[in-house]
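At position 225 of the sequence shown the residue is numbered 225 (full-length UniProt numbering), and the sequence of numbers has no breaks.
Note that beta-carbon positions come from the ideal geometry of N, C-alpha and C, so glycine has one too.
Note that this is a predicted model, so its numbers are computed, not measured.
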Amino acid sequence: MKALIYNGVGKCKLVDKEIPRLSGGLDALVKMQRTTICGSDLHILKGDVPTCTPGRTLGHEGIGVIEEIGQEVKNFKKGDRVLIRCITCCGTCQFCKKSMADCCVKAGWILGHTVDGSQAEYVRIKYADTSLYHVPNNVDERTLLLFSDILPTGLEVGVLRGKVQPGCTVAIVGAGPVGLAAGLTAQLYAPRKLVFFDMDDYRLSVAKKMGATHVYNVKDIKGTVRDLVAEHIDEADGFDVVMEAVGIPATFNMCEDLVAKGGHIANMGVHGKSVDLHIERLWARSTTISMALVSAHTIPTLLNLFAAGKIDASAMVTHGMHAHSYPFAYTISRGYVCADSSPTQTSSSVTLRKPTTILDGRPRQSL
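This is how it looks when you write it as structure tokens:
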């Protein structure tokens with residue numbers, strides 16, 4: 001089968017690999033139909049995730065069809081169409097029982113990280129009964145793919161940990177996929193203001209389309225960000241909830257400047273470098289800071305909201321191409337020059353979301 005591997009810092013490559021085999025009775029083998037490039041995959045390529053070693057098949061999201069199941073799998077059968085949970089969940093350890101599958105003692109974030117992932121023709125899923133979901137009927141599957149990771153990340157790590165409540169003010173630094181997902185799911189809790197900061201006008205226009213009350217290009221800000229907030233948004237003390245959705249020191253420091261007294265900074269970005277924490281300022285302002293890897297336990301709730309028409313993330317999906325054009329998709333996503341980075345036509349295809357990227361395993365024309 002074809003698979004996209006991490007080939008060292010800044011490099012990915014499409015290679016031939018053996019089709020995975022089941023290693024236990026709780027496993028399932030899934031034939032991939034759609035998958036996506038996540039910001040975490042880009043951080044792997046940057047070298048920010050040293051636990052991912054060269055040769056690893058990338059990817060931890062997707063939709064596919066079950067090809068084979070272990071003898072202990074109860075909830076699925078061959079031929080079932082499934083959504084892959086980005087975090088593999090054993091379902092029995094102390095952390096899984098507390099909706100903290102990201103800390104699962106037997107699994108957690110392993111797909112595309114410490115075991116081969118979903119950017120391939122087939123992927124083996126451990127603990128299938130608690131790490132897969134049935135694909136709902138009559139939904140847009142290109143958008144459904146965002147429920148594998150990015151929407152649960154925005155909801156769990158940004159909205160729920162940030163304690164967004166009706167009438168509060170929310171600022172999101174970074175209008176990429178995770179920031180947009182957080183903004184979309186924050187609206188379920190009716191904040192009074194939802195403000196985005198970014199350096200890309202296109203991404204800010206998508207944020208506005210998806211419900212932001214205010215958007216600001218950081219490059220256009222004169223003076224300090226606090227001055228802008230006080231003058232134009234009438235929030236002199238800052239925001240009740242500030243979400244970091246980039247993963248670099250400068251944006252985290254910006255969050256420290258934006259948070260109000262008694263406010264909350266919810267870090268969603270994947271950081272590859274240490275950040276200066278200005279405790280000398282934050283402690284006297286009663287600031288709470290949270291961070292976590294997504295658990296993805298909210299997927300069932302989000303799927304119900306999606307089926308009921310209460311979540312529309314379709315604006316995040318923008319491109320489509322064949323799945324054998326994985327390297328080309330990475331080149332578009334973040335400018336990485338990967339081996340074989342030219343589009344090819346095969347029986348699979350890739351859909352890019354800029355802000356987000358989806359790889360689609362159904363036949364369609366490439367870009």
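What residue from the options has the CA that sits closest to residue i's CA?
| i | options | result |
| --- | --- | --- |
| E156 | A182, D140, P327 and H134 | A182 |
| L204 | M291, G176, I110 and I221 | G176 |
| V105 | A307, T287, G47 and C93 | C93 |
| L151 | F306, F328, H322 and A329 | F306 |
| G25 | G10, L188 and F76 | F76 |
| D198 | Y189, A313 and K208 | K208 |
| residue 368 | G70, I44, K78 and Y133 | With the chain covering 1 to 367 only, the question about residue 368 has no answer from this structure. |
| R124 | H264, I84 and I299 | I84 |
| Q100 | I69, C86 and I19 | Note on identity: in this sequence residue 100 is Met, with Gln being the wrong assignment. Of I69, C86 and I19, the residue nearest in Cα terms is C86. |
| P136 | T130, D129, A128 and F147 | F147 |
| L184 | S295, S325 and V159 | V159 |
| V195 | A186, V170 and V206 | V170 |
| E67 | K97, G112, K46 and A28 | A28 |
| R217 | I172, D80 and P191 | Correcting the residue identity first, residue 217 is Asn in this sequence and not Arg. Closest by alpha carbon: I172. |
| G59 | M32, C96, T153 and L282 | M32 |
Three-state secondary structure (DSSP) at residue i?
| i | result |
| --- | --- |
| M254 | helix |
| D220 | helix |
| R225 | The amino acid occupying residue 225 in the given sequence is Val; Arg does not appear at that position. Reduced to three states, the DSSP call for V225 is helix. |
| S342 | For S342, the pLDDT reaches just 42, beneath the cut-off of 50, and the residue's location in the model is therefore unreliable, although a value from the coordinates is still provided. Coil. |
| H324 | helix |
| H134 | strand |
| H278 | coil |
| V172 | It is Ile, not Val, that sits at residue 172 in the sequence shown. Strand, per DSSP. |
| A308 | coil |
| K209 | helix |
| V157 | helix |
Which residues does DSSP pair with residue i in a beta bridge?
| i | result |
| --- | --- |
| T57 | I5 |
| S290 | A266 |
| L14 | L4 |
| L194 | V170 |
| H214 | V195 |
| F147 | DSSP output for F147 lists no bridge partner at all. |
| V259 | F239 |
| E244 | V173 and N267 |
Quick one: using the 10 Å Cβ neighbour count with 16 as the cut-off for buried, is residue i buried or exposed?
| i | result |
| --- | --- |
| K126 | buried |
| N304 | exposed |
| E244 | buried |
| N267 | buried |
| G309 | exposed |
| E18 | exposed |
| G269 | buried |
| H297 | buried |
| H113 | buried |
Taking CB distances under 8 Å as the criterion, tell me whether residue i reaches chain D.
| i | result |
| --- | --- |
| G269 | You won't find chain D in this structure, because it holds only one protein chain. |
Run through the UniProt domain "Alcohol dehydrogenase-like N-terminal" (27-129) for me and flag every whole beta strand (DSSP E) of 3 or more residues, listed as ranges in chain order.
-> Counting whole runs of 3 or more residues, the UniProt domain "Alcohol dehydrogenase-like N-terminal" (27-129) contains the beta strand (DSSP E) stretches 28-37, 62-69, 81-84 and 122-125.
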